[in-house]
Amino acid sequence: MRPTRLIPGIALVLMIAGLAGYACPAAAQGFGDLVVSPTRVELEGRNRSATVTLTNRGSETALFRISLIAMEMDEQGSLKAVDQPPAGMMTAEELVRYAPRQVDIPPGGTQTVRLILRKPTELAAGEYRSHMFFRAVPPEDAGRAVDEKTGQGGVSVKLTPIFGITIPVIVRHGDLDLKVAMSDFAVVPDKEKKKLTFKLSRQGTKSAYGDVKVEYLPAGGGAPVVVGEVTRLAVFTPNTDRMVEVPLVVPPGITLGKGMLKVLYRQVDGDTTLASGEVTLP
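Using our numbering, you'd call the opening residue of the sequence shown number 123 and step up by one each time.
What follows is the structure in structure tokens.
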């Protein structure tokens with residue numbers, strides 16, 4: 123199994139055959155031997171179509187079923203699937219058409235999924251979000267009994283994990299706005315290191331999506347030193363707040379002493395600073 127790259131905002135989903143599923147509070151570009159690219163789809167303005175590529179890096183053929191589901195985010199950034207969207211959340215299931223709905227990918231092979239936006243004439247302005255769910259389909263014999271008898275008249279049943287991965291699909295329509303602020307800064311111990319925690323607050327009709335960078339500025343002067351980063355961090359509508367944790371990694375030869383931490387939350391693939399803050403270190 124290849125290592126996965128941690129990316130906030132993309133959820134791994136794990137189900138046990140025959141049991142209800144749940145969304146794990148983990149995020150990854152790929153799981154097992156499946157790699158999904160891109161990890162986020164945005165449709166707005168003249169951009170009315172997109173493609174998502176699935177790559178099977180495993181040694182066996184893999185079957186996946188594809189659907190659009192609703193997911194809500196909590197204040198810690200964890201995503202979970204919901205049957206009914208929370209108040210204020212608008213979904214994109216009725217706006218996005220996609221094909222195919224099921225893919226069978228050979229070892230080393232790829233499959234492209236095409237998405238097309240279909241907006242009704244009277245669509246209300248706003249941001250609509252669903253998550254494309256790539257659900258692994260296990261072999262036909264998965265979950266069947268492996269030992270017919272336990273020696274006590276019982277039956278031993280094998281439970282087979284069913285994995286899946288989701289990526290956000292976001293549709294924006296009309297004139298939307300966004301304001302982001304930072305507050306409640308704290309530097310706290312984290313095992314043998316430290317981490318910076320703070321609250322990211324969102325206002326407006328758009329989700330926030332950006333990269334967090336933390337720089338250390340020594341009190342005695344000198345060039346700023348990057349001591350922490352979190353990439354692709356989102357605050358989805360209708361949420362207003364998200365708690366953020368940034369592990370502080372100090373380069374060799376640098377001591378995190380008296381000075382200041384400068385925190386930047388910048389738009390992904392852009393130069394726009396969405397929010398900033400400063401923390402004084404004693």
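By construction, the Cβ of each residue, glycine as well, lies at the ideal position given by its N, Cα and C atoms.
(message) Here's the rule: buried if 16 or more other CB atoms are within 10 angstroms of the residue's CB, otherwise exposed. What is residue 310?
(response) Exposed.
(message) If you follow the beta strand (DSSP E) that residue 103 is in, where does it begin and where does it stop?
(response) The displayed coordinates of the chain run from 123 to 404. Any statement about residue 103 would go beyond what the structure contains.
(request) Please classify residue 326: does DSSP put it in a helix, a strand, or coil? (result) strand
(message) With H, G and I counted as helix, E and B as strand and the rest as coil, what does DSSP make of residue 243?
(response) Three-state DSSP puts residue 243 in coil, outside helix and strand.
(message) Measuring straight from C-alpha to C-alpha, what distance separates residue 297 and residue 169?
(response) 15 Å
(message) residue 218 and residue 237 - do their beta-carbons sit closer together than 7 Å?
(response) yes
(message) Check for me: the beta strand (DSSP E) holding residue 171 runs from which residue to which?
(response) 171-178
(request) Quick one: residues in its chain with C-beta nearer than 8 Å to the C-beta of residue 346, no 5 flanking neighbours on either side, listed in chain order? (result) Contacts found: 337, 338, 339, 384.
(request) Look at the Cβ atom of residue 403, then the Cβ atom of residue 380, and state whether they are nearer than 7 Å. (result) yes
(request) Would you please state the rounded distance, in angstroms, between the beta carbons of residue 260 and residue 178? I believe it to be under 8 Å. (result) That pair is no contact at about 15 Å.
(request) Compare the C-alpha of residue 176 against each of 231, 165, 167, 197 and name the closest. (result) 231
(message) In whole angstroms, give me the CA-to-CA distance for residue 353 and residue 332.
(response) 7 Å
(request) Please confirm whether residue 335 and residue 386 have their CB atoms less than 7 Å apart. (result) yes
(message) Assuming contact is defined by CB atoms lying nearer than 7 Å, are residue 192 and residue 204 in contact in what I supplied?
(response) yes
(message) Using a Cβ-Cβ cutoff of less than 6 Å, which residues in the same chain neighbour residue 313 once the five nearest sequence positions on both sides are dropped?
(response) none
(message) Suppose contacts are defined by Cβ-Cβ distances below 7 Å. Is residue 327 in contact with residue 210 by that definition?
(response) no
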